[in-house]
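S.K.: In terms of my numbering, the sequence shown opens at residue 17 and continues consecutively.
Ideal Cβ positions, reconstructed from N, Cα and C, are used throughout, including at glycine.
To start, I am sharing the structure in question, which I have written as structure tokens.
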Amino acid sequence: MKRPIVAIDGPAGAGKSTVARLVADRLGYLLLDTGALYRTVALAAKRAGIPWGDEAAVTGLTETLVRDGAIRLERGGDGALRTLLRGEDVSTLIRTQELAEGASRVSAIAGVREALLTIQRSAVSANGVVLEGRDIGTVVFPDAQAKFFLTASVEVRARRRFDELRSRGQSPELERVHEEVVERDRRDSTRPVAPLRQAPDAVLIDSSALSVEAVVDRIVERVRAIERELEQS
Ligand code: DC
């Protein structure tokens, strides 16, 4: 069967990670959370004592990490997506507000985006793949057959981030999380390289008032229709 590339883009807290995982499960596709790549670069820079704003040094570090195959995303036996940095499982470590900000900062650097393209493009497989991020449908795979832009109101997204951080044992303040979501939206959408924006051919889904299941159903239905079209072409 011919399987499309599924691109799910959208702002922080739109529910991309949860939705992308469930969609990949239902379709039996591979899954790539591209935000985890930027978060891992931010973590590696922090550990190396490199400020996130030092473009040349962060680019050099990213190029080395990619060349050495030091950043890897895998699915564990339980189905959870694990992020490995030089073999160490950093999946939990990268899910903090600090590294969300770090990821947003390093992701504005052209050299970092360029270096990480290799990992993202090599994820394509004949078995189908779901990629979630900010620029999958616009830059990484502009020719993807199935593109979705998932969004929700700022209030809903801040509340989801807040709940997510709490479920990870952290104690954020809702107001701070709200401010960070607004600031990250601003930074991710206004950067000169690969800003967050909806691809013209992406299907817009506002999940503010939709359940996760409803969003997943909508995406899966559309991808199945595309699979059938590809089959006939
Ligand atoms: O989806 P996330 O919260 O894990 O992403 C963290 C940051 O990484 C986000 O604020 C912007 C950046 N990012 C990006 O620029 N491009 C992507 N494809 C994915 C994430």
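In the DSSP output, what is Asp222 paired with across the bridge?
M.R.: The residue labelled residue 222 in the question sits at position 206 within the sequence shown. Asp222 is bridged to Thr167.
S.K.: Whole angstroms is fine: what's the gap from Lys62's alpha carbon to Trp68's?
M.R.: Your numbering for residue 62 matches position 46 in the sequence shown. Your numbering for residue 68 matches position 52 in the sequence shown. The alpha-carbon atoms of Lys62 and Trp68 are separated by roughly 8 Å.
S.K.: When you measure from the CB of Leu47 to every non-hydrogen atom of the ligand DC, does any distance come out below 8 Å?
M.R.: Reading the sequence shown from its first residue, position 31 is the one you call residue 47. No, the Cβ of Leu47 stays beyond 8 Å of every heavy atom of the ligand DC.
S.K.: For Leu38 and Val232, what's the separation of their Cα atoms in angstroms?
M.R.: Taking the first residue of the sequence shown as position 1, residue 38 is located at position 22. Taking the first residue of the sequence shown as position 1, residue 232 is located at position 216. Between Leu38 and Val232, the C-alpha separation is close to 7 Å.
S.K.: Classify Leu220 as buried or exposed, calling it buried when 16 or more other Cβ atoms lie within 10 Å of its own Cβ.
M.R.: Against the sequence shown, residue 220 aligns to sequence position 204. Answer is exposed; the Cβ neighbour count stays below 16.
S.K.: For Asp25, list the residues DSSP reports as bridge partners.
M.R.: Walking along the sequence shown from the start, residue 25 turns up at place 9. Asp25 pairs with Gly149, Phe165.
S.K.: Taking just the CA atoms, how far does Ile66 sit from Leu246?
M.R.: Locating residue 246 in the sequence shown gives position 230, counting from the first residue. Locating residue 66 in the sequence shown gives position 50, counting from the first residue. Going from the Cα of Leu246 to the Cα of Ile66 covers about 46 Å.
S.K.: Measure the beta-carbon distance from Ala124 to Arg203 and round it to whole angstroms, keeping in mind my assumption that it falls under 8 Å.
M.R.: Numbered from its first residue, the sequence shown carries residue 124 at position 108. Numbered from its first residue, the sequence shown carries residue 203 at position 187. Contact holds; Cβ gap of about 7 Å.
S.K.: Over the uninterrupted alpha helix (DSSP H) stretch that includes Thr206, give me the two end residues.
M.R.: As a working note, residue 206 is residue 190 in the sequence shown. Note, Thr206: alpha helix (DSSP H), 190-206.
S.K.: Pick out whichever of Asp179, Ala230, Gly103, Pro158 has its Cα sitting closest to the Cα of Leu166.
M.R.: Indexing the sequence shown from 1 puts residue 166 at position 150. For the residues Asp179, Ala230, Gly103, Pro158, the minimum Cα distance to Leu166 belongs to Ala230.
S.K.: Do the CB positions of Ala30 and Ala162 come within less than 9 Å of each other?
M.R.: The sequence position of residue 30 within the sequence shown is 14, counting from 1. The sequence position of residue 162 within the sequence shown is 146, counting from 1. No, the Cβ-Cβ distance between Ala30 and Ala162 is not below 9 Å.
S.K.: Hey, Gly153 and Ala218: beta-carbon distance below 9 Å or not?
M.R.: Translated into the one-based positions of the sequence shown, residue 153 becomes position 137. Translated into the one-based positions of the sequence shown, residue 218 becomes position 202. In contact: Gly153 and Ala218 (Cβ atoms closer than 9 Å).
S.K.: Is Asp179 near the ligand DC, going by C-beta to nearest heavy atom under 8 Å?
M.R.: What you label residue 179 is simply residue 163 of the sequence shown in a count that begins at 1. No, the Cβ of Asp179 stays beyond 8 Å of every heavy atom of the ligand DC.
S.K.: Please state if the CB of Asp25 and the CB of Ala215 are separated by a distance shorter than 9 Å.
M.R.: Mapped onto the sequence shown, residue 215 falls at position 199. Mapped onto the sequence shown, residue 25 falls at position 9. Yes, Cβ-Cβ distance for Ala215 and Asp25 is below 9 Å.
S.K.: In the DSSP assignment, find the unbroken beta strand (DSSP E) run with Arg184 in it and report its ends.
M.R.: Counting from one through the sequence shown, the residue named residue 184 turns up at place 168. Arg184 -> no beta strand (DSSP E), and no H or E assigned at all.
S.K.: Verify the contact flag: Asp159, CB atom, against every heavy atom of the ligand DC, threshold strictly below 8 Å.
M.R.: Walking along the sequence shown from the start, residue 159 turns up at place 143. False, no ligand heavy atom lies under 8 Å from that Cβ.
S.K.: Taking Cβ positions, are Gln113 and Pro188 nearer each other than 9 Å?
M.R.: Sequence index remark: in the sequence shown, residue 113 carries index 97 (1-based). Sequence index remark: in the sequence shown, residue 188 carries index 172 (1-based). Yes, the Cβ-Cβ distance between Gln113 and Pro188 is below 9 Å.
S.K.: Is Leu77 near the ligand DC, judged by its Cβ being under 8 Å from some heavy atom?
M.R.: On the sequence shown, position 61 is the one that residue 77 refers to. Leu77: no, Cβ never under 8 Å from the ligand DC.
S.K.: Hey, how far is the Cα of Asp151 from the Cα of Val209?
M.R.: The sequence position of residue 151 within the sequence shown is 135, counting from 1. The sequence position of residue 209 within the sequence shown is 193, counting from 1. Taking the straight line from one Cα to the other gives about 10 Å.
S.K.: In angstroms with no decimal places, state the Cα-to-Cα distance between Ala139 and Ala126.
M.R.: The residue given as residue 139 occupies position 123 in the sequence shown. The residue given as residue 126 occupies position 110 in the sequence shown. Near 21 Å, if we compare the C-alpha coordinates of Ala126 and Ala139.
S.K.: Between which two residues does the beta strand (DSSP E) harbouring Ile87 extend?
M.R.: Here residue 87 corresponds to residue number 71 of the sequence shown, with the count starting at 1. Element bounds for Ile87: 87-91.
S.K.: What's the C-alpha gap between Ser249 and Phe157?
M.R.: For the purposes of this step, residue 249 is identified with residue 233 of the sequence shown, where counting begins at 1. For the purposes of this step, residue 157 is identified with residue 141 of the sequence shown, where counting begins at 1. For Ser249 and Phe157, the distance between alpha carbons rounds to 20 Å.
S.K.: Please say whether Ser107 and Arg98 have beta carbons closer to each other than 9 Å?
M.R.: In the sequence shown, residue 98 corresponds to position 82, counting from 1. In the sequence shown, residue 107 corresponds to position 91, counting from 1. Contact flag set, yes.
S.K.: Mind reading off the beta-carbon distance from Val193 to Leu132? Whole number of angstroms is fine, and I expect it under 8 Å.
M.R.: Sequence index remark: in the sequence shown, residue 193 carries index 177 (1-based). Sequence index remark: in the sequence shown, residue 132 carries index 116 (1-based). Between Leu132 and Val193 the Cβ distance is about 26 Å, and since that is not below 8 Å, they are no contact.
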